[in-house]
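Residue numbers (this note's numbering), protein chains in the order written: chain A, 1 to 873; chain B, 874 to 1093. Backbone N, C-alpha and C fix where the C-beta goes; we use that ideal spot for every residue, glycine too. To start, the structure itself, in structure tokens.
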Amino acid sequence: MLRNNNLKICRKLVRREFQFHKGQTLLLIMAVTLVCMLYTFSFSLGNLTYKGFLYSYRTIYGSDSHIIYENITEAQAAALKKHPAVKDTAALSAVGVLSDEMLENRNVRLAAVSESWARETDSIPVCGRMPEEKDRADHDKAVFDESGLDKTVVHGESGFGKNAPAEIALDEITMNSLLIPHEIGAEVPIKWRSAEGEEYTHTFRLCGWWENQMGETDSCAWITAETAEELCGKRPDTLMLGVTLYLPGDLEKQAKDLLADLGLKDISYTTNLAYNKARQDYAGREAVKFYRMNLIVVLCGVLMICHIVQLSAQQNIRFYGRVKSLGMTPRQIRVLAAQRAVMVWVPGILPGWILGFLLCVGAAPYVVVGMERNPAFAFFQLWPFVLSALLAGATTLTACLWPVGRVMRSVPAQAVRYIESVEQRGRKGRKTRAPVARRMALTGISRQKKQSLPAAFSLLLSLVVLCCVRTMGTSYDEEKYLDGMALCDYRLCDASAASGVQRYNPKSRSITPKIMEALSVHPAVTDMGQACTMEVPLYAKPEDRARIIDAFEEVDEQGRARKEYMADEPDWLAGYEKMRETGEYIGIVTGVDGLMLKNAMARQAFLEGGYDKEAFDTGKYVIAAGAASSHIRATPPVGSKVDICSREFEIMASVPLETTLLSGKDSRQAQYNITYYLPLSAFEELFPEHGIRNVAVNIRREEQKAFEDFLSQILEGTGTDMFSYKDYQWTFRNAVFHLCMIPLFVGSVMLLIGMLNFANALAVGTLVRKREFAVCESLGMTKKQLRRMLLWEGACCYGVILVLLVPGTGILTWLWGRWWLAHTNTWCITWRFSLLPLWVSLPVLLILSLAVPLYFFKKIAKESVTERLRELE
Amino acid sequence: MEIISLHNVKKYYGSKENTVKALDGIDLTIRQGAFTAIVGASGSGKTTLLNMMGGLDVPDTGEVIVDGVNLSGLKEEQLAVFRRKKVGFIFQNYNLMPTLTVEENILFPLDLDGSAPDEGYLREIIELLGLKDRLTAFPDMLSGGGRQRVAIARALAAKPSIILADEPTGNLDSQNGQNVAGLLKMTTELFHRTLVMITHNMELAQLADRVVRLQDGRIV
């Protein structure tokens, strides 16, 4: 008898509720949309961060493949391709590697065109095209065939036939390092080494090139399969095989397992850095920062929805009490509440997804830098959306079940009586002689405590978050950063030294005298200077050498000698050992003038000696730069002599090596070096045929636009790279934005929610007293008195909020700020405490406090007193 | 035959010196089919007593047995279904669902149960109460008397054994009050229901078979 739970009635009631309370329903849907948007945004951004890290690892690795097997036969490649764990493969038939010393920091394979490999490594020409055989097929091929290959010449000029060089496609870094002009059809002399270790030189014709998205350190030089065969004298018998797995995991193990499954032995392989567990863990930890913010999102989402539900809490509780008294079971009530949640959740999802994703599209380029395609689209995944929808649903359900819980805890008689108890609450024991309007206002405030509490809490929380973000954002000191990082307004870099992996090629002339002349006469330029370098073998006398050796072999507080810190730099160690044993080392002789000299000297903390301009300009002195700390001098002493190209210079001063002064890399031989700055005039005397490595330019900022137009015009096609202070500024601002973005966004939405909650509390506080106001009016209180009472109420409410928010926000922000300052290790910080978001919010809260109750009273007062008195339903 | 019996029912509110004895050891039995009026001053415990009979409230001590079921032995879920099937409530402030039409309000207890309505029986009630032309209207479109007639129809719809009415005419003028009370007595007699009604109106109380007077939570 006592069993029955018809649920159809729940659907009907929910439908009707929404038809009758459209405004509230729309507000709830909007709340769900906001919550879903917050979740989508933070999850998508977390996903982007994770993928962005993996992308950067892939970029370093140079391929999208999970495993690359080297030197395998075609049969082995075919077997690997058929393995059930293998999703896809990309084969590369390389005849050797480019062996020019200018490419010593990179691994560029001379290989037959492989579309799949090119796709995996982003090495498809964007200018020109891939090499083709047909172009030289007709008239040139005949000549080529007759001439044959000259495989005996090592380090000499050779070709396939003087009239018909084969085609080659290269990446831009390789071209710039080898000084190859960016012109289709340009001659490309290539020095390469076969797998057997033999070296050859051949000349090709440039048919295309691409910008290095991936493969700064690892790339391909594409030639046709026919050319590759001709170069080897036979079809290359080994391949490299890039393998993409269905389920990448522990790649080292998977690579071994694949070989073991196929019975293959002694095959070397590399695994993609992006799938390295430690790196993945690191990327995961970075992404977790974004996910952590979701805890606040959950909190503010529940608060928001709860507060909107609270708008009609009394009606809700009375409603649930009423249906309970009529025989609705607890299960039916729970289902009713759950269906209410579902009814607002479903329509809120799609707009929430769209808004969240659009925000993500806007923020993505600041999170993952350097991708042509918007990372939000490139790394699009469904899971953040599914998870957002589910969490938004859970949040909505939690908020909607809250009032049900209160009904469940009470007997129906209590729930039905609820409205009366609310009206009577807070009326006893208050005796004051204040005027009636003010007295009633104070009573009204105390009665709204419960409704105002979540609003005050969400306001406090949001303002603390925003003020912390503001304090953090303003404390990152842009000027300090630019002072430390940007030497000048613009820095031009020779094409061979534009990238951090490129070895500077002193033969490069991408910064031409014409460019220098144009710069020097440009009206916007206020100051400029240049730096030229040359690697020169030098000799350290035994007494000078002893001081340097002492510096590197002295044991520090950690019990380690300084040279031990360089254990993972074999080139440096080899150079150092050579210096230690023989006194021979590589000196980086650097000619500087004008702004470059000024900047170099101004930034240096002199360890020994000092800069004497007049003496330095005579060209008889140099300034030595090397590794240094407060008590380490790793250069020959001041006053000692150094012989550079048979000319003797005296060391005027010793400074720590400034690594940001020059772009590009020095040769591997020069990894251990001592740098000597000398005047440009002296450098020109020593090396009359020098190129320019870097140019520093300062301009009048108001002519920036015209100057940049001029720069792009004169640098076009030269390969010269340009960095401006704006790049550093952008990097800095981007990094700060990256740090602040999520808390800023969450804080802003929370503030909006807090404001809505606050306005809601005021609105509810007015609306629930509809009958009370009617009673007051019936007893002779005028509308003017009631309005005055509401203004008092608003002012008191604002006062309470003020007392809570100002010290609360101030103290919490200050405490957090000091903690953050103590725990951050960033050097460009100046403590700047800011409560700007609080000061901006306070006037808005004042307006809300005064205007909202009056507005709702005006609405209420449209009904007559008798109508309101009679109203019970 | 007894349909309601209360034994030593006590219900206190507040604590220590502020204790209010809403019901203070009530012993009461009500015969099936009888019309019982409960009268008393405000705060004498009338509504609390009615709520106990309907399972809307629980006593601190004592037991309430309705139609052979001891209410204190029921779980919340069972109590809800008990109210739905055995008791028809009529409240002073009607407690109609504002979002449902008159017809839907009347059928609400049946809808909760998922049971099919007895069409003939319902038609009879609706005609008796004069609601035939207002079935598609919403409660806020009706007068106070009209709303209370809907509440009576709803209370009778599920054919409960007992009708509990808490000052059903309290919000109506005297003419409407008389009409509603007359209808209530007539319908309960016609359909052989037990009626327990709280009222302040002694004229209405005189219509009852038995008048129970409460004072300070005790029957006097």
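Are residue i and residue j closer than 8 angstroms when you measure CB to CB?
| i | j | result |
| --- | --- | --- |
| MET566/A | TRP572/A | yes |
| ARG1086/B | VAL912/B | yes |
| VAL555/A | CYS740/A | no |
| ALA656/A | ALA605/A | Looking at the sequence provided, one finds Pro at residue 656/A rather than Ala. In contact: PRO656/A and ALA605/A (Cβ atoms closer than 8 angstroms). |
| LEU854/A | LEU790/A | yes |
| LYS784/A | ARG868/A | no |
| SER224/A | GLU133/A | Ser is not the amino acid found at residue 224/A; the sequence shown has Thr there. Yes. |
| VAL1084/B | ALA953/B | no |
| ALA221/A | ARG106/A | no |
| TYR967/B | GLN1021/B | yes |
| LEU805/A | LEU459/A | yes |
| LEU1080/B | ALA1054/B | yes |
| HIS884/B | ASP933/B | The question names His, but residue 884/B is Lys in the sequence shown. Yes, Cβ-Cβ distance for LYS884/B and ASP933/B is below 8 angstroms. |
| ASP930/B | VAL411/A | yes |
| LYS959/B | SER1016/B | no |
| GLY587/A | ILE674/A | yes |
| GLY717/A | HIS182/A | yes |
| ASP1082/B | PHE908/B | yes |
| ILE963/B | ILE1036/B | yes |
| LEU1004/B | VAL1023/B | yes |
| LEU259/A | ILE267/A | yes |
Looking at the unbroken alpha helix (DSSP H) that takes in residue i, where does it start and where does it end?
| i | result |
| --- | --- |
| ASP897/B | Per DSSP, ASP897/B belongs to no alpha helix (DSSP H); it is in the beta strand (DSSP E), 893-904. |
| ILE714/A | 704-715 |
| MET343/A | 330-367 |
| ASP266/A | First-last for ASP266/A: undefined, no H or E at that position. |
| LYS641/A | Run containing LYS641/A: none in the alpha helix (DSSP H); it sits in the beta strand (DSSP E), 641-644. |
| ILE877/B | No alpha helix (DSSP H) holds ILE877/B; the beta strand (DSSP E) holding it covers 875-886. |
Below 8 angstroms on the Cβ atoms is my guess for residue i versus residue j; work out the distance and round it to an integer in Å.
| i | j | result |
| --- | --- | --- |
| SER177/A | MET102/A | 4 angstroms |
| GLY747/A | SER462/A | 5 angstroms |
| GLU569/A | GLN671/A | 6 angstroms |
| VAL344/A | VAL32/A | 5 angstroms |
| ASP900/B | GLY1090/B | That pair is no contact at about 12 angstroms. |
| ARG832/A | THR471/A | 7 angstroms |
| THR635/A | SER663/A | Wrong, their Cβ atoms sit about 23 angstroms apart, outside the cutoff. |
| CYS797/A | LEU752/A | 19 angstroms between Cβ atoms; not a contact. |
| VAL697/A | TYR676/A | Contact doesn't hold; Cβ gap of about 24 angstroms is too wide. |
| SER123/A | SER219/A | 6 angstroms |
| GLY62/A | THR238/A | GLY62/A to THR238/A, Cβ: 19 angstroms. No contact. |
| CYS532/A | PHE683/A | 6 angstroms |
| ALA399/A | CYS306/A | 4 angstroms |
| VAL302/A | THR174/A | About 57 angstroms; that fails the 8 angstroms criterion. |
With residue i as the anchor, note down where its beta strand (DSSP E) starts and where it stops.
| i | result |
| --- | --- |
| GLU584/A | 584-592 |
| TYR798/A | Premise fails: TYR798/A lies in the alpha helix (DSSP H), 783-823, not in any beta strand (DSSP E). |
| LYS87/A | 86-98 |
| GLU557/A | Looking at the DSSP string, GLU557/A is not in any beta strand (DSSP E), and its letter there is neither H nor E. |
For residue i, verify whether its CB is less than 7 angstroms away from any heavy atom of the ligand NAD.
| i | result |
| --- | --- |
| VAL323/A | With respect to the ligand NAD, the structure shown offers nothing to examine, as it has no ligands at all. |
At least 3 beta-carbon pairs within less than 8 angstroms: the segment 362-372 of chain A vs the segment 327-342 of chain A
no
Could you tell me which uninterrupted beta strand (DSSP E) segments, each at least 3 residues in length, are contained entirely in the segment 718-755 of chain A, listed from first to last along the chain?
721-724
Please give the ranges of any alpha helix (DSSP H) in the segment 186-235 of chain A, keeping only runs that are unbroken, at least 4 residues long and fully inside the region.
225-232
Evaluate contact between the segment 685-695 of chain A and the segment 488-507 of chain A, counting only Cβ atoms and requiring at least three cross-stretch pairs below 8 angstroms.
yes
Kindly provide the ranges of any alpha helix (DSSP H) runs that are 4 or more residues long and lie completely inside the segment 2-30 of chain A, ordered along the chain.
8-20
Does the segment 71-86 of chain A come close enough to the segment 227-234 of chain A to have 3 or more Cβ pairs within less than 8 angstroms?
no
For the segment 902-945 of chain B, list the beta strand (DSSP E) runs that are entirely contained and at least 3 residues long, ordered along the chain.
908-913 and 934-939
Spell out a yes or no on whether the segment 346-354 of chain A and the segment 22-37 of chain A are touching, meaning 3 or more CB-CB pairs, one atom from each, closer than 8 angstroms.
yes
Would you call the segment 1033-1046 of chain B and the segment 995-1012 of chain B touching, i.e. three or more CB-CB distances under 8 angstroms?
no
At 4 residues or longer, and completely inside the segment 969-1056 of chain B: list those alpha helix (DSSP H) runs for me, N to C.
975-986, 992-1001 and 1017-1030
Is the segment 202-213 of chain A touching the segment 40-49 of chain A, taking contact as three or more C-beta pairs under 8 angstroms?
no
Contact list for the segment 979-999 of chain B against chain C, Cβ threshold 7 angstroms
In the displayed structure, chain C is absent; the protein chains listed are A and B.
Check whether the segment 380-392 of chain A and the segment 66-75 of chain A are in contact - that is, three or more C-beta pairs closer than 8 angstroms.
no
For the segment 520-553 of chain A, which segments carrying the alpha helix (DSSP H) assignment without a break, of at least 4 residues, lie completely within its bounds, in sequence order?
542-553
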